[in-house]
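In the order they appear, the protein sequences are chains A and B.
Those letters in the first sequence? Residues 1 to 260, per the UniProt record's numbering, in order.
Those letters in the second sequence? Residues 1 to 260, per the UniProt record's numbering, in order.
Idealized CB from N, CA, C, for every residue including glycine.
Below is one structure, written out as structure tokens; comments come after it.
There are 2 protein chains.
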Amino acid sequence: MSDEIAENGTANGDVPEIELIIKASTIDGRRKGACLFCQEYFMDLYLLAELKTISLKVTTVDMQKPPPDFRTNFEATHPPILIDNGLAILENEKIERHIMKSVPGGHNLFVQDKEVASLIENLYSKLKLVLVRKDEQKSASLRAHLGRIDGLLERRGTRFLTGDTMCCFDCELMPRLQHIRVAGKYFVDFEIPTSFRSLWRYMYHMYQLDAFTQSCPADQDIINHYKLQQALKMKKHEELETPTFTTSIPVDVNDSNAEE
Amino acid sequence: MSDEIAENGTANGDVPEIELIIKASTIDGRRKGACLFCQEYFMDLYLLAELKTISLKVTTVDMQKPPPDFRTNFEATHPPILIDNGLAILENEKIERHIMKSVPGGHNLFVQDKEVASLIENLYSKLKLVLVRKDEQKSASLRAHLGRIDGLLERRGTRFLTGDTMCCFDCELMPRLQHIRVAGKYFVDFEIPTSFRSLWRYMYHMYQLDAFTQSCPADQDIINHYKLQQALKMKKHEELETPTFTTSIPVDVNDSNAEE
């Protein structure tokens, strides 16, 4: 295991200790990586640790050189991994379910709000399309989606998505907004319009919160995350091709003066 | 050691056996890689093997998973590596010098021609600039340089650079022309003008030669070579930066209605 980077709450036996294993940065194995689900569950659990219903231990693992005991225990499984009372939970949906059903205080995070749920659901896939296609149509679609979130925040007038306290939807949305902001700007010069005042106000509040700032990767880690993805995708493209050899000639030299 | 991919000449003790270790493809470890110096010395030695002054054994090594005996013998040294009578020569300049001075027949390849030497010397660095800068000025400079080579070939009227037989300059130039052709086209849509008829005729003759076709990497391997270089360079860029966190807000929300 790598460094322990945060410990919150008390570990005196009054509250259960929950360990979250997250991916390290691909640049510096001691830093947090740009893994969206890692940050989402980090934020969920950080809020619970602040409420002192759990004690939280966050461990980063450098997947480029995982420590031997990590490989022994989890083989090829990638973080996030949640460990509760000796039980390791490896799949994202099961981690979410475990936080909601079994971690003390967790059920309070899981607010029912169908409008918000469906509004934020496909946002991130639009960023991926913008990064892959790099055309204005995809950027416009992402911008329109952000506009709808801005509209909801303005209409509701609340600090967060479902009220004045954070819930699971905020922990889901904000890491994705940060990726959209940082990677969108870097790769395709995409900017969240300043006219989305309610959305910016929402992000402003998030930037003040320890749950967000403690879990947030550096800009460089977000950018590098997408660069590596693109490099792997580019490489795959050539791997699938049958090798070809460019040895044809575009001009007519072989008939006229080639056989001199 | 990986597969042996070519054996020429006789190995009956009449002529010395020279082994050349070359880098494998980064796509398929069984294929030849897009290493310019590997191909250059491969071609030099192939010509000597055709003349039966040596017997040539070419071995490809997949540097992503080098076999244990390669790591034991050569540690972090990258191919090309020339092995002559149990002696391993690891540096490019020393390999060239060894072929010229010590490999039977080698001195014939090393023709004295200052005009050709200075003409081809900086060509490849211009491709690198085109791939990095991607501007028309750099492309024009590369095109002009190719034009000067075309001019020399036209003026001399010979099949190869220094006469009607291949020499070390041809083994140096042609692999680089192939990289310019394949990578230039792929990354920046650069094309060698069809008006460079003498240059195309030169390439046409090369494409007929076993020394070239046996040593030439696939187009995909050439393309992937530069993609990996770019990905590593991109990664390095972020590695050198101090981590920053974008948490500023471009609109004025904190003064007006943020502290609600």
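{"Check": "Those runs of the beta strand (DSSP E) which lie wholly inside the segment 99-168 of chain B and span at least 3 residues", "Outcome": "none"}
{"Check": "Proximity of Leu56/B and Leu20/B at Cβ, strictly below 8 angstroms", "Outcome": "yes"}
{"Check": "Distance between Gln220/B and residue 263/B (C-alpha atoms, nearest Å)", "Outcome": "With chain B running from 1 to 260 in the structure shown, residue 263/B is simply not present."}
{"Check": "Rounded C-alpha distance that separates Leu228/B from Leu228/A", "Outcome": "10 angstroms"}
{"Check": "Thr244/B - DSSP class collapsed to helix/strand/coil", "Outcome": "coil"}
{"Check": "Distance CB(Lys32/B)-CB(Thr60/B) smaller than 8 angstroms", "Outcome": "yes"}
{"Check": "Integer Cβ distance of Tyr41/A from Ile99/A, believed to fall under 8 angstroms", "Outcome": "7 angstroms"}
{"Check": "Contacts of Phe245/B in chain A (Cβ-Cβ under 8 angstroms)", "Outcome": "Thr213, Cys216, Ala218 and Asp219"}
{"Check": "Residue-level contact to chain B via CB, Pro66/A, 8 angstroms cutoff", "Outcome": "no"}
{"Check": "Supposed contact pair Pro104/B and Pro16/B - C-beta distance, whole angstroms, cut 8 angstroms", "Outcome": "7 angstroms"}
{"Check": "Residue span of the alpha helix (DSSP H) that contains Asp210/A, given as start and end", "Outcome": "Asp210 to Thr213"}
{"Check": "In chain order, each beta strand (DSSP E) run of at least 3 residues that lies wholly inside the segment 62-86 of chain A", "Outcome": "81-84"}
{"Check": "Residue-chain proximity (Glu239/B, chain A), Cβ-Cβ < 8 angstroms", "Outcome": "yes"}
{"Check": "Exposure of residue 265/A, with buried meaning 16 or more beta-carbon neighbours within 10 Å", "Outcome": "Coverage of chain A is limited to positions 1 through 260, which leaves residue 265/A absent and any answer about it impossible."}
{"Check": "Where residue 271/A sits in the DSSP three-state scheme", "Outcome": "Any question about residue 271/A goes unanswered here, given that chain A covers just 1 to 260."}
{"Check": "Residues bridged to Lys185/B (per DSSP)", "Outcome": "Answer is none; Lys185/B lacks a bridge partner."}
{"Check": "Supposed close pair Pro79/B, Lys23/B - CB separation, criterion 8 angstroms", "Outcome": "5 angstroms"}
{"Check": "Beta carbon proximity, Arg201/A to chain B, threshold 8 angstroms", "Outcome": "yes"}
{"Check": "Closer than 9 angstroms at the beta carbon, the chain B residues around Tyr46/A", "Outcome": "Going along chain B, no residue has its Cβ under 9 angstroms from Tyr46/A, so there is no contact; the nearest lies around 16 angstroms."}
{"Check": "Run of the alpha helix (DSSP H) containing Glu50/B, from where it starts to where it stops", "Outcome": "Leu36 to Glu50"}
{"Check": "Span separating the alpha-carbon of Pro68/B from that of Ile89/B", "Outcome": "19 angstroms"}
{"Check": "Proximal residues to Gly203/B (C-beta, below 7 angstroms), its chain only, five neighbours per side dropped", "Outcome": "A small correction: the amino acid at residue 203/B is Met; Gly does not occupy that position in the sequence shown. Hits under 7 angstroms: Leu177."}
{"Check": "Residue burial classification, Gln145/B (beta-carbon count within 10 angstroms, cutoff 16)", "Outcome": "In the sequence under discussion, the amino acid at residue 145/B is His, which differs from the Gln named in the question. His145/B comes out buried."}
{"Check": "Ile21/B (DSSP reduced to helix, strand or coil)", "Outcome": "strand"}
{"Check": "Neighbour flag for Ile223/A against chain B, beta carbons, 8 angstroms", "Outcome": "yes"}
{"Check": "Neighbour list for Ile249/A in chain D, Cβ cutoff strictly below 8 angstroms", "Outcome": "The structure shown has no chain D; the protein chains it does contain are A and B."}
{"Check": "Among Ile18/A, Met43/A, Asp14/A and Ser25/A, the one whose alpha carbon lies nearest that of Leu173/A", "Outcome": "Met43/A"}
{"Check": "Helix, strand or coil at Ile89/B according to DSSP, with G and I counted as helix", "Outcome": "strand"}
{"Check": "Neighbour flag for Ala231/A against chain B, beta carbons, 8 angstroms", "Outcome": "yes"}
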